[in-house]
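Notes follow once the structure below has been shown.
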Amino acid sequence: MFTHIFVGTNDPVAAKTFYDSVLGALGHGEGMVIRDGDAVMYNGAGPVFIVGIPANGEPATYANGGTIGLHAKGPEAVDAAHAAGLANGGTCDGEPGPRAAFPGSYGAYLRDPEGNKLCLWHVAAA
């Protein structure tokens, strides 16, 4: 459905530290620095995720109401990614745990250092 997700940052070095830890806990590799150090790209099995300084030169801000959902292989991966994010400049926006609205699901919410909202999500196989 999409080719990439790009979120803004005002500090690419801090963003790389944060996302390397969170995405690493979810089983993804370290980000590749691109655009002369202004951005970091993470390759998945399909679309890519990029965090970088906005191309228009304006300060980066987060999307009000925007959430990026990241798949986790199990509750342990959700817990690990949430803890890694908190240890690397993120803030909690919802503690890890079962989500009653979706039976069999386990998730957590985290904000990156710029305020972008991430949902770390696992749904048990039925």
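Positions 6 to 131 (my numbering) are the ones given, in order, by the sequence shown.
All residues carry an ideal CB built from backbone N, CA and C; glycine is no exception.
All of these numbers come straight from a predicted model, not from anything done at the bench.
{"query": "Could you give the distance in angstroms between the alpha-carbon of Glu100 and the alpha-carbon of Phe54?", "result": "24 Å"}
{"query": "Out of curiosity, what's the CA-to-CA distance linking Ser110 and Lys78?", "result": "11 Å"}
{"query": "Hey, quick one: how far does the beta strand (DSSP E) through Leu115 stretch, first residue to last?", "result": "110-116"}
{"query": "Can you have a look at Glu81 and say buried or exposed, based on whether 16 or more other CB atoms are within 10 angstroms of its CB?", "result": "exposed"}
{"query": "Check for me: the alpha helix (DSSP H) holding Thr22 runs from which residue to which?", "result": "17-30"}
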